[in-house]
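Colleague: Each residue of the sequence shown is one higher than the one before, counting from 8 in the working numbering.
First, the structure itself, so that you have it in front of you.
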Amino acid sequence: MNPQPNITQRIAELEAFAAAERLTLPIPADEIVRLENMGLVIDLHTGQILEDVDIDEPIPFEIGGVNHESTI
């Protein structure tokens, strides 16, 4: 099984999301995907690597100017 298409697709989806939200990614999309593959969570506004993220704790985020809250 070749994981490359999945990685390529995730990079494209992240870039499309950033464009739709008019968000300039703080680090390249391929680097974000690489870090996520290592189990890290990246703040897409700052590039900060978030540590000790509790998967049961809701995470606030904004899409299209509307605030949401979700879990990982």
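A virtual CB, placed ideally from N, CA and C, is assigned to each residue, including glycine.
Check this for me: beta carbons of PRO67 and GLU58, under 7 angstroms apart or not?
Modeller: The count along the sequence shown starts at 1 and reaches residue 67 at position 60. The count along the sequence shown starts at 1 and reaches residue 58 at position 51. Result no, Cβ atoms of PRO67 and GLU58 do not sit closer than 7 angstroms.
Colleague: Please report the Cβ distance between LEU21 and VAL40, rounded to the nearest whole angstrom; I am assuming they are in contact, meaning their Cβ atoms lie under 8 angstroms.
Modeller: On the sequence shown, position 14 is the one that residue 21 refers to. On the sequence shown, position 33 is the one that residue 40 refers to. With 8 angstroms as the limit, LEU21 and VAL40 qualify as a contact, their Cβ atoms being about 7 angstroms apart.
Colleague: Check each candidate in ASN13, VAL60, LEU51 and name the one with the smallest Cα separation from GLU69.
Modeller: Your numbering for residue 69 matches position 62 in the sequence shown. Closest option to GLU69, Cα to Cα, is LEU51.
Colleague: Roughly how many angstroms lie between the CA atoms of THR15 and ALA25, to the nearest whole one?
Modeller: By 1-based counting over the sequence shown, the position of residue 15 is 8. By 1-based counting over the sequence shown, the position of residue 25 is 18. When rounded, the distance between both Cα atoms is 15 angstroms.
Colleague: Considering only C-alpha positions, which residue in the set LEU30, ARG29, ASN13, ILE34 is nearest to GLN55?
Modeller: Counted from its first residue, the sequence shown places residue 55 at position 48. Measuring from the Cα of GLN55, the nearest candidate turns out to be ILE34.
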